[in-house]
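Engineer: After the structure tokens below, expect a handful of questions from me.
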Amino acid sequence: MVTTALQRAVVWLNALACLERFLVISFPLQSALLRQASGKKLVFVIVAIFLTSLLAHVYLILQRDIQSTGGDTYTFVSSSLLLSNPTTFYVSAFVSRTLFLYFPLALILLLDLAMVFIFRLQAAQNNLRMSRGQDGRNPEEQSDGKKRENRPENHSPATINSSIGSVHPEYGMLKKEHFLYISPF
0 MVTTALQRAV VWLNALACLE RFLVISFPLQ SALLRQASGK KLVFVIVAIF LTSLLAHVYL
60 ILQRDIQSTG GDTYTFVSSS LLLSNPTTFY VSAFVSRTLF LYFPLALILL LDLAMVFIFR
120 LQAAQNNLRM SRGQDGRNPE EQSDGKKREN RPENHSPATI NSSIGSVHPE YGMLKKEHFL
180 YISPF
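Just so you know, numbering that gives the first Met the number 0 puts 26 at position 27 of the sequence shown, and the rest follows in order with no gaps.
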């Protein structure tokens, strides 16, 4: 009972982590407020998830009794509550499985699909912006309306060294700072 309840609570925690990741990727500036949540609020949410999951799975304890078979051996048998009203236990199992397993898994799937859609949308917008140039006009046209020759323009650094070097002028090949960014593995 406890392991089932805790496993299903962890599924909800994964769904909340996926929701937080989706909000950070989709709305980076607005989600800054979400990321500034205090530790007390986070602990409260985690404890509430685990307690709710434990309470939703109490029916697992009530459906079995322990019966002595003689000596030091015991077996689990169906409880009198389960035998007198099995529909209640089946409905409880269905509701707890739906709320604590299927619903969060569906939420994770939908949020992951939405993130893929947002990534593709952002990539298409970046490609359109790069193909049109910085001012939004077609790069083949000059301001006077005449066509110019099509030259590829590189707006991004070619390597990691040049991107770090553009931010830190003291960084470069054969300089001491160059080795600060190199991973030993």
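Even for Gly, the Cβ is constructed at its ideal location relative to N, Cα and C.
Inspect the CB distances between the segment 72–90 and the segment 23–33 and report whether three or more fall short of 8 Å.
Structural biologist: no
Engineer: Could you spell out where the alpha helix (DSSP H) holding Gly70 opens and where it closes?
Structural biologist: Note, Gly70: premise wrong, no alpha helix (DSSP H); not H, not E.
Engineer: Out of curiosity, what's the CA-to-CA distance linking Asn125 and Leu108?
Structural biologist: 26 Å
Engineer: Which word fits Arg7, buried or exposed, when buried means at least 16 other C-beta atoms lie within 10 angstroms of its C-beta?
Structural biologist: buried
Engineer: Can you check the segment 5–52 for any beta strand (DSSP E) of at least 3 residues that lies completely inside it and give the ranges in chain order?
Structural biologist: Complete beta strand (DSSP E) runs here, min 3: none at all.
Engineer: Compare the Cα-Cα distances from Phe21 to each of Ala122, Ala92, Ala113 and Leu61 and report the closest residue.
Structural biologist: Distances from the alpha-carbon of Phe21 to those of Ala122, Ala92, Ala113 and Leu61 put Ala113 closest.
Engineer: Using the Cα positions of Val10 and Arg119, report the straight-line distance between them to the nearest angstrom.
Structural biologist: 27 Å
Engineer: Contact between the segment 49–56 and the segment 79–88 is defined here as three or more beta-carbon pairs at a separation below 8 Å; is this criterion met?
Structural biologist: no
Engineer: Taking only the alpha-carbon atoms, compute the straight-line gap between Leu5 and Phe116 and give it to the nearest angstrom.
Structural biologist: 32 Å
Engineer: According to DSSP, is Val76 helix, strand or coil?
Structural biologist: Correct three-state label for Val76: strand.
Engineer: Applying the 10 Å Cβ sphere with the 16-neighbour rule, what's the burial state of Ser192?
Structural biologist: In the structure as shown, the chain begins at 0 and stops at 184. Residue 192 is therefore absent and cannot be evaluated.
Engineer: Please report the Cβ distance between Leu104 and Cys17, rounded to the nearest whole angstrom; I am assuming they are in contact, meaning their Cβ atoms lie under 8 Å.
Structural biologist: Not a contact, Cβ separation roughly 10 Å.
Engineer: Between Ser77 and Arg63, is the Cβ-Cβ spacing less than 9 Å?
Structural biologist: yes
Engineer: Are the beta-carbon atoms of Leu41 and Leu61 separated by less than 9 Å?
Structural biologist: Cβ distance not < 9 Å, so Leu41 and Leu61 don't count as in contact.
Engineer: Tell me whether Arg20, by its Cβ, gets closer than 8 Å to a heavy atom of the ligand FMN.
Structural biologist: With respect to the ligand FMN, the structure shown offers nothing to examine, as it has no ligands at all.
Engineer: Just to confirm the assignment, what range does the alpha helix (DSSP H) spanning Tyr58 have?
Structural biologist: Per DSSP, Tyr58 belongs to the alpha helix (DSSP H) from Tyr58 to Leu61.
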